[in-house]
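**Student:** Dropping the structure in here first, questions after.
Next up, the structure:
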């Protein structure tokens with residue numbers, strides 16, 4: 002099953018040097034909509050980077066799919082549940098569109114997995130170049146930066162947390178028995194039938210790159226808060 006990475010590339014006009022890399026992860030729920038974590042992609046970060054003349058975002062998969070996020074792409078931010086919905090104006094063709102499982106407290110001890118990407122890593126671009134002032138490439142690889150973990154739902158609880166990136170007030174969450182790495186935020190928690198049960202949000206301990214546990218926002222809570230996902 003394919004989750005995707007969100008990649009940010011920034012550069013100044015006239016320069017051939019680019020900076021950036023993988024910001025986090027996301028997953029598709031239709032041909033036009035993907036979901037990620039708010040602290041990964043929000044109105045203060047998208048579509049521009051105030052420190053550089055130009056910023057481009059791409060949604061990339063380990064299997065070589067690339068969906069550029071141009072100015073027609075709209076994001077709907079819900080910081081209270083650390084969720085951002087990415088809406089493409091035209092249909093794209095993700096290799097996998099996830100179904101969801103609308104359950105919460107009954108999920109305790111069920112087997113789950115999570116596939117996301119390591120933040121800060123620059124994709125391996127083939128023939129990177131500039132055309133009409135835009136950063137372009139022929140192909141890319143990010144498979145070396147994909148991280149997949151699995152275990153079970155350790156706890157179903159209501160999260161109250163006041164972190165630098167995530168601030169929750171009694172939000173329904175699932176705590177996984179496994180850990181992960183910074184960058185997996187925005188990836189889906191999947192049950193044994195590859196249905197989404199939560200959106201990976203934060204890891205514990207919060208101040209480390211390697212996490213002992215990952216916490217995800219229940220997909221039930223996300224669907225109840227996001228009206229544009231009422232079709233699910």
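Numbering (the numbering used here), first residue to last: 2 to 233. Idealized CB from N, CA, C, for every residue including glycine.
(1) Since residue 85 and residue 42 should fall inside the 8 Å C-beta cutoff, what is the C-beta to C-beta distance between them, to a whole number of angstroms?
(2) Whose C-alpha, out of 153, 199, 99, is nearest the C-alpha of residue 30?
(3) For the alpha helix (DSSP H) that contains residue 223, what are its first and last residues?
(4) In the region 8 to 34, which residue ranges form an unbroken beta strand (DSSP E) of at least 3 residues, counting only runs that do not cross its ends?
(5) By Cβ distance below 6 Å, which residues in the same chain neighbour residue 216 in space, the five residues on each side in sequence not counted?
(6) Quick check on this structure: which residue in 207, 46, 190 has the alpha carbon closest to the alpha carbon of residue 152?
(7) Using the Cα positions of residue 46 and residue 57, report the straight-line distance between them to the nearest angstrom.
(8) Any contact of the region 221 to 230 with the region 101 to 111, i.e. 3+ C-beta pairs under 8 Å?
(9) Please identify the residue among 110, 39, 130, 101 whose C-alpha is closest to the C-alpha of residue 10.
(10) Which of the three DSSP states, helix, strand or coil, is assigned to residue 175?
(11) Would the beta-carbon of residue 8 fall within 8 Å of that of residue 20?
(12) Got a sec, what are the start and stop residues for the beta strand (DSSP E) residue 65 sits in?
(13) Express the C-alpha separation of residue 32 and residue 44 in angstroms, rounding to a whole number.
(14) Closest by CA to residue 169, which one among 123, 109, 209, 80?
(15) Does DSSP put residue 82 in a helix, in a strand, or in coil?
(16) Pairing CB atoms from the region 150 to 164 with CB atoms from the region 52 to 69, are three or more of them under 8 Å?
(17) Have a look at the DSSP bridge pairing and note the partners of residue 77.
(18) Please name the residue in 35, 4, 119, 55 whose C-alpha comes closest to that of residue 1.
**Tutor:** Per the coordinate set shown:
(1) 5 Å
(2) 99
(3) 220 to 226
(4) 20 to 29
(5) 174, 176, 202, 203
(6) 190
(7) 11 Å
(8) yes
(9) 130
(10) strand
(11) no
(12) It is not in any beta strand (DSSP E) - residue 65 carries neither H nor E in the DSSP assignment.
(13) 23 Å
(14) 80
(15) helix
(16) no
(17) 86
(18) Residue 1 lies beyond the stretch modelled for the chain, which goes from 2 to 233, so this question has no answer here.
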